[in-house]
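Enquirer: Numbering follows the numbering used here, in which position 639 of the sequence shown is assigned residue number 712; successive positions increment by one, without gaps.
Could you have a look at this structure, given as structure tokens, before my questions?
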Amino acid sequence: MWFGTENGLNKYDGYQFTIYTNEPSDSTSISSNRINDILKDKDGDLWIATANGLNLYNEEFDNFRPFFKQENTENSLKDNEITCLFQDSNSLIYIGTYKGFLHVYDKTKNQFKPFPSGGNNEILKLSKSSIRSILEDHTGNLFIGTSLDGIWHYDYQLKKAFPLRISVNNQNGEAKNIQKIKSLTLDNNGNLWIGTIDNGVVVYNLDTKNIRHFTKENSGLKSNFIVSSQKDYKNNIWIGTDGGGICKFDNSSSEIECFKYDPGNLYSINHNVVRTIYPDDFGNIWIGTYAGGVNLIKVTYKEFGPVDLRRFTTDELIYQSCLSFFDRENGNFWVGTDGGGIIETDFNFKPLKFIIKNDNKVKGISNNAIICMYEDDKYLWAGTFLGGLNRVNLSTGNIEWFSHNKEKPGSISHNIVWDIVRDKKNNLWIGTESGLNLYDPLTESFKAYYLESNSALSVTVIHPEASGNLWLGTRNGFYYYNQKDFLKYAPPNLQGNDFHILSVHQDTVGNFWLGTNNNGLFKFNPLTKKFKAFSIKDGLPNNIITGIEEDQKHNLWISTGNGLSKFNPKYNTFQNYFIQDGLQGNQFNFGAHLKTRSGKLLFGGINGFNAFYPDSISFNPNPPKITLTGFKIFNEEIDQLEDPSTIYTQNITVVDTFNLNYDHSVITFNYSALDYSNPDLISYAYRLVGFDKDWQYVGNRRSATYTNLPPRTYTFKIKAANNDGIWDKTGKSFVVIVKPPLWETIWFRIGGLVIIILFLLWGIHRKTNIMLRRQNELEQKVNKRTIEVTQQKDEISKQNEILHENKEQLHNQYLELQSTLEKLKTAQSQIVQSEKLASLGVITAGIAHEINNPVNYVNNGIVGLKKVLNKIIEVSERYEEVNVDNFETQLEEIQQFKQKIKFTLMLKMALDVADNIALGGKKTAEIIKSLSTFSHSKDAEFRRENLHKGIDSTLLLLNNEYKSRININKKYGEIPEIECNLGRLGQVFMNLISNAIHSIEKEGEITISTTSYNGQVEVGIKDNGCGIPQQVKEKIFEPFFTTKDIGQGMGLGLSITLNIIKEHNGEIEVFSKENEGTHFLIKLPLKQS
């Protein structure tokens, strides 16, 4: 909310004000402290009319752009004192000035132009008359109110302005044109409400030209000096006056209600000069006064009807606390006060009679604190605090006192009387501070009953049954009197004075609800004798329960020591209300509650009482919007830091990202809900996504603090709920980036890792050199003994044997590979003869590519082995030539030769080559095994087969087609084996998967899914390729239909696919849209009939 004053512009966020004033040294500050008008345009921009220029608020940087009069400049303001602002239906902004100039501002061109422009411009001639108000009617015509020259009407069709002459009688009865205009307001009925400086309010109907005139002499207006006017959401007109407060014209009833300052009413307007009125989006009425600041009339969804007892003006009545009620048969009420005696009021709570303490015992009651009342056909019985029992004769007005007198047998047992009740047998029972009393009308005496032996318990509430038995609430528990004994009931955990009962209510199903002094609410089942407790932790606003009443919908209304609560027994939920909702106060008095014959509920407290119909209490449906209002680091505002621009550069209300350093270890977000009617009842929640697992619900706390956040990117979210718990589901979100320190950055870590690797490599290199040097030293010390040469020869012989065995094994594997190749050719021939389709090329290409690598392993391995064997044989032959005479020299030469040919490494390579040859043979065997899936003939028998096996074999053969660019997503379900010809179905999978691969030009995904239900198996093959046009999709299963170029396919693939599925008594469906991919769905029975 924005408020303009004579000392600056004020921004209000619901809790605190921010004040903007002119700073001569700052060109972006507001240009004047005197604010005349404020306009928020349709784009959300805020315009401020001041005594020295027009200002546009820049929310992003929280400053202002001023516009001034510029001499000899055509498109500028002609006067710096701006008096009023208005935006029309065409989004043009009109600016009225003190010297009578009217400008129009075109935002698209950023230009001010005089209005109207060109020709005979009557308005521009009004140089001695200020423009005070501008508005537009439903046809687009303008009305301009001036301070001395009446109203000007601009007709857009005629492009002409002319004076609107409206004549009314002045105070002397003379017909005069109204001239001194202060405000203009247009209601929904086409009435122009004109506020004048000296002639009250004139209502002019634009269609009928009918005129109505309201003054303080002929209506309820309190002043003829009208300062402001506005229309609310109900089409009521609010009129602000100079000295007469504010008045509301009810358009539905044509009634006028005025509100003036009342020093005895805390809730009255606090000043009678009303300068401005603003109805907000929620229906609240904001009132700006001359010397009383801002007043607020809240829209209410809760018609609690507070009644202030101070308006029942009597010299004797000095207290406003309400203690008791009684509903009279004639529709009136008895109201018992704390110190003000008894008041009789009518249905509208207009006081009719006062019964107060008087020294004359016959005409006055004994005490003015009235705790309880009961009326029968002749008397009003009133229980007092320390004044005993009073009986008022309703016919004569005479009053009798019944007081406790320990010297007089049969007197009432105590002078504090808590409750008075008459049972179905016409017995009058009185609960006192010292036991239960039964009144005997014949002797006019009292019989005292004591609930405990040797103990006079305080009886606070009496609830009679139809049988004449009584339920009693006491300071010491809940009792049942069966005309003979007093039976006590209390929860197991509450005994003695802990179970002090203040109120008792029996609901429509027979359960008792007990309100206690400090232990909350209890539900008591009289059949099972069990208690169920409710307290603050269950949703009650307070554990002191002073009154309970049930409405027509069986909800319980509960008055407490801190507000009023509506309890739903079906769902055990509480809805709480407080003074901000219209209650007389938050503290209610024990015993002050009543449900009237009409269903209205009354609850009394320390500031009067509330009287309302439960159905008139509704929810506030408007969730509050929320905004950030501040951000702190180490509890300091951002603008107090050395370089705040590194965190954010915009105004806090529009910022969306916070950039923080790792050492910003304590951060605080401040936020506020833009709901001004009940800010104390707003609830908040926040969550830092990436840190908090759940929302943090913090009541009405308006800040969130985090400490030591790990470096990463977070999202801070906030939301708010109104006084009825309606949450704004959208809320607001902000990005929070906590940058890591240098040593935690990825580049620092990569650099450190590189240094560590280089150090390790250096260490490995150094250690390797040391080991090689030691090896050379050992080799130079070769044992010269012949036995060692013999051992070496034996070792070489063993190695030769191993190599010969490896050579023989390699030869056998080679022969096996040759046999495998022959089988492969046979399998290929069988496929060619069984399936003469375009897919054969795909299979063959896949086989050729897949088998090429293992065959190369074998061929290359054999070549390598031949080279190794030749070198080994050569070494062996040199050893054979060694003799005793020259063995040292020969061994040294052999050793040098072994080093030259890297003999040890060569042996290791031979073993690796042998492993590769074995791997090639194994890989080839797997490919041949997968080919067997496709080698079955058409006439092969149906067998129980695993479809997953057939699909995987197809994918293996097509691997070369899709690898590295297409992701295969297998979603296999648990399916049983089915009766089928797996070879024939393999052709189906081959056609469909191959087509899916070809439909994806670059990268993509193919999803293959299987599932089983209702005796059949479904196989889905879905791609995200180019899709199939509708006109093509209808023909794809026709023989020889193809969209491929000549030579790339015969168009038989899908036709054969359909035939194979029909052979299996199955179905195939296709779902596809162009450029959205294709989905083939195959349905196959588990068994063939």
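Just so you know, even glycine gets a beta-carbon here, dropped at the ideal spot from N, CA and C.
Note that the structure is a prediction, hence the values are computed from the model and not measured.
Using the Cβ count rule (16 or more neighbours within 10 Å means buried), how would you classify Lys434?
Expert: Lys434 comes out exposed.
Enquirer: Going by C-alpha distance, which of Ala563, Thr281, Thr469 and Gly504 is nearest Leu462?
Expert: Closest by alpha carbon: Gly504.
Enquirer: I need the boundaries of the beta strand (DSSP E) containing Phe1062, first residue and last residue.
Expert: Premise fails: Phe1062 lies in the alpha helix (DSSP H), Leu1055 to Ser1072, not in any beta strand (DSSP E).
Enquirer: For His578, which three-state DSSP category applies?
Expert: Here His578 sits in strand by DSSP.
Enquirer: To which residues of the same chain is Arg238 closer than 6 Å at the C-beta, ignoring the five residues directly before and after it?
Expert: For Arg238, where only same-chain residues beyond five positions count, the Cβ hits under 6 Å are Asn250.
Enquirer: Going straight from the alpha carbon of His487 to that of Glu506, what length do you get?
Expert: Approximately 6 Å between the Cα atoms of the pair.
Enquirer: State the beta-bridge partners of Asp179 as determined by DSSP.
Expert: BP columns for Asp179 point to Gln184.
Enquirer: Take every Cβ of the segment 485 to 501, pair it with every Cβ of the segment 523 to 535, and state whether three or more of those distances are shorter than 8 Å.
Expert: Yes: the two stretches touch, three or more of their Cβ pairs being nearer than 8 Å.
Enquirer: Considering only the beta carbon of each residue, do Ile472 and Lys436 sit closer than 8 Å?
Expert: Yes.
Enquirer: Does the separation of the CB atoms of Phe134 and Gln723 fall below 8 Å?
Expert: Yes; because the gap between Cβ atoms is below 8 Å, this pair is in contact.
Enquirer: Just to confirm before moving on: does the CB-CB distance between Ile755 and Lys705 stay below 8 Å?
Expert: Not in contact: Ile755 and Lys705 (Cβ atoms no closer than 8 Å).
Enquirer: Following the continuous alpha helix (DSSP H) through Ser691, name the residue where it begins and the one where it ends.
Expert: Element bounds for Ser691: n/a, residue is neither H nor E.
Enquirer: Tell whether a beta-carbon distance below 8 Å holds between Lys1239 and Lys289.
Expert: This structure gives no information on residue 1239, because the portion of the chain shown stretches from 74 to 1162.
Enquirer: Using three-state DSSP, classify Val915 as helix, strand or coil.
Expert: The pLDDT assigned to Val915 is 45, lower than 50, so where the model puts this residue is not dependable, and the model offers no usable value.
Enquirer: Taking its Cβ as the centre, do 16 or more other Cβ atoms sit within 10 Å of Val905, making it buried, or is it exposed?
Expert: Note that Val905 scores a pLDDT of 39, beneath 50, so its modelled location is shaky; the value from the coordinates is reported in the next line. That one is exposed.
Enquirer: Run through the segment 515 to 583 for me and flag every whole beta strand (DSSP E) of 3 or more residues, listed as ranges in chain order.
Expert: Taking only runs of at least 3 residues, the beta strand (DSSP E) segments lying wholly in the segment 515 to 583 are 518 to 522, 532 to 537, 543 to 547, 550 to 554, 559 to 562 and 574 to 579.
Enquirer: Pick from Thr646, Trp75, His627 and Phe595: whose alpha carbon is nearest that of Gly612?
Expert: Nearest option by C-alpha distance: Thr646.
Enquirer: For Ser301, tell me which candidate among Arg285, Leu1131, Lys307 and Ile270 has the shortest Cα-Cα distance.
Expert: Of the candidates Arg285, Leu1131, Lys307 and Ile270, the one whose C-alpha sits nearest the C-alpha of Ser301 is Ile270.
Enquirer: Counting only runs that start and end within the segment 584 to 641, where is the beta strand (DSSP E) found for 3 or more residues in a row?
Expert: Counting whole runs of 3 or more residues, the segment 584 to 641 contains the beta strand (DSSP E) stretches 585 to 589, 594 to 598, 603 to 607, 618 to 623, 629 to 633 and 636 to 641.
Enquirer: State buried or exposed for Asn440, treating a residue as buried only when at least 16 other CB atoms are found within 10 Å of its CB.
Expert: Buried.
Enquirer: Specify the secondary structure class of Pro379 as computed by DSSP and reduced to three states.
Expert: Correct three-state label for Pro379: strand.
Enquirer: Taking Glu1034 as part of the alpha helix (DSSP H), name the residues at either end of that continuous run.
Expert: It spans Asn1032 to Tyr1035 - the alpha helix (DSSP H) in which Glu1034 sits, taken as one unbroken run.
Enquirer: Spatial neighbours of Val577 within its chain, please: CB distance less than 7 Å, with the 5 preceding and 5 following residues excluded, ordered by chain position.
Expert: So the list reads Val534, His536, Trp544, Gly546, Phe585 and Leu587, once near-sequence residues are dropped.
Enquirer: Consult DSSP for Thr726 and reduce its assignment to one of helix, strand or coil.
Expert: Three-state result, Thr726: coil.
Enquirer: Just reading off the beta strand (DSSP E) that Val1207 is part of, what are its end residues?
Expert: It is not possible to answer for residue 1207, since the shown part of the chain is limited to 74 through 1162.
Enquirer: Can you pull the DSSP bridge partners for Ser1082?
Expert: DSSP, once it has assigned bridges, lists Lys1044 and Gly1093 as partnering Ser1082.
Enquirer: According to DSSP, simplified to helix, strand and coil, what is Gly836?
Expert: Residue state, collapsed to three classes: helix.
Enquirer: Assign Thr410 to one of three DSSP states: helix, strand, or coil.
Expert: Residue state, collapsed to three classes: strand.
Enquirer: Are there three or more Cβ pairs, one per stretch, closer than 8 Å when the segment 762 to 782 is compared with the segment 618 to 628?
Expert: The segment 762 to 782 is not in contact with the segment 618 to 628.
Enquirer: My understanding is that Asn30 touches Phe692, with C-beta atoms under 8 Å, so please give their C-beta distance in whole angstroms.
Expert: Residue 30 lies beyond the stretch modelled for the chain, which goes from 74 to 1162, so this question has no answer here.
Enquirer: Flag this pair as touching only if the segment 1093 to 1107 and the segment 1143 to 1159 have three or more C-beta atom pairs under 8 Å; answer yes or no.
Expert: They touch, by the three-pair rule.
Enquirer: Among the residues of its own chain, which have a CB less than 8 Å from the CB of Ser202, if the five just before and after it don't count?
Expert: Taken in chain order, the residues that qualify are Gly173, Thr219, Ser220, Leu221 and Asp222.
Enquirer: Considering only residues of the segment 289 to 337, which uninterrupted beta strand (DSSP E) runs meet the minimum length of 3 residues and lie entirely inside it, listed in chain order?
Expert: Taking only runs of at least 3 residues, the beta strand (DSSP E) segments lying wholly in the segment 289 to 337 are 299 to 304, 310 to 314, 319 to 323 and 328 to 332.
Enquirer: Quick check on this structure: which residue in Asn680, Asn795 and Pro564 has the alpha carbon closest to the alpha carbon of Lys698?
Expert: Lys698 has its Cα closest to that of Asn795, out of Asn680, Asn795 and Pro564.
Enquirer: Check Met446 in the structure and name its three-state DSSP category.
Expert: The answer is strand: DSSP assigns Met446 an E or B state.
Enquirer: Straight-line CA distance for Val915 to Phe789?
Expert: Because Val915 carries a pLDDT of 45, less than 50, the predicted location of this residue cannot be relied on, and the following value inherits that uncertainty. Cα-Cα distance, rounded: 55 Å.
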